[in-house]
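Q: Starting off with a structure, shown below.
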Amino acid sequence: MIDELINADGPPQGSELVIETLMIMLGAKQDWESARIMIGDRNFINMLMGFDKDNAGHLVPVLDKIMQDPRFTFDRIQKSSQSCACLANWIAGMFKYI
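FYI, the numbering for the sequence shown is 347 to 444, going by the numbering used here.
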């Protein structure tokens, strides 16, 4: 499933906000090439699992704004990319926890 992102020339249309948010949360450069490399890393899932949610309070203002964006809905994102929809769910879960 992640292969659809790794092999894409750019983020799936309608999923740009998910990729941007993911990169913000992981403290990485917010461009497609950096995202593609990170997502393709064999430790990517471990990066998500090891995300330091207990020390991510500084992300609340940014995530709050993104979560209110009408483009950031599971149904809308799923139409463009199943992989991005899964990442959006992870982002939403981390936001709820934080």
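Just so it is clear, CB atoms sit at the ideal spot from N, CA and C, and this is done for glycine as well.
Count the other CB atoms within 10 Å of the CB of residue 364; is the residue buried (16 or more) or exposed (fewer)?
A: Position 18 of the sequence shown, counted from the first residue, corresponds to residue 364. Buried, because 16 or more other Cβ atoms sit within 10 Å of the Cβ of residue 364.
Q: Quick check on the DSSP output: the alpha helix (DSSP H) that includes residue 380 runs from which residue to which?
A: The residue you call residue 380 lines up with position 34 of the sequence shown. Per DSSP, residue 380 belongs to the alpha helix (DSSP H) from 378-386.
Q: Does the structure place the region 379-394 close enough to the region 416-428 that three or more beta carbon pairs sit under 8 Å?
A: No, the region 416-428 is not in contact with the region 379-394.
Q: Distance check for residue 381 and residue 374, CA to CA, integer angstroms please.
A: Stepping through the sequence shown from its first residue, residue 374 is reached at position 28. Stepping through the sequence shown from its first residue, residue 381 is reached at position 35. Residue 374 and residue 381: Cα-Cα distance of roughly 8 Å.
Q: With a CB to CB cut of under 7 Å and the five nearest residues on each side skipped, what residues in its chain are close to residue 447?
A: Coverage of the chain is limited to positions 347 through 444, which leaves residue 447 absent and any answer about it impossible.
Q: With DSSP collapsed to three states, give me the class of residue 407.
A: Reading the sequence shown from its first residue, position 61 is the one you call residue 407. If DSSP states are grouped into helix, strand and coil, residue 407 belongs with the helices.
Q: Would you report the Cα separation of residue 396 and residue 368, rounded to the nearest angstrom?
A: Along the sequence shown, read from residue 1 onward, the residue named residue 396 stands at position 50. Along the sequence shown, read from residue 1 onward, the residue named residue 368 stands at position 22. For residue 396 and residue 368, the distance between alpha carbons rounds to 14 Å.
Q: Give every residue of the same chain whose Cβ lies closer than 7 Å to the Cβ of residue 394, excluding the five residues on either side of it in the sequence, and list them in chain order.
A: Working through the sequence shown from its first residue, we reach residue 394 at position 48. If we look at residue 394 and ignore the five residues flanking it on each side, its Cβ neighbours are 436.
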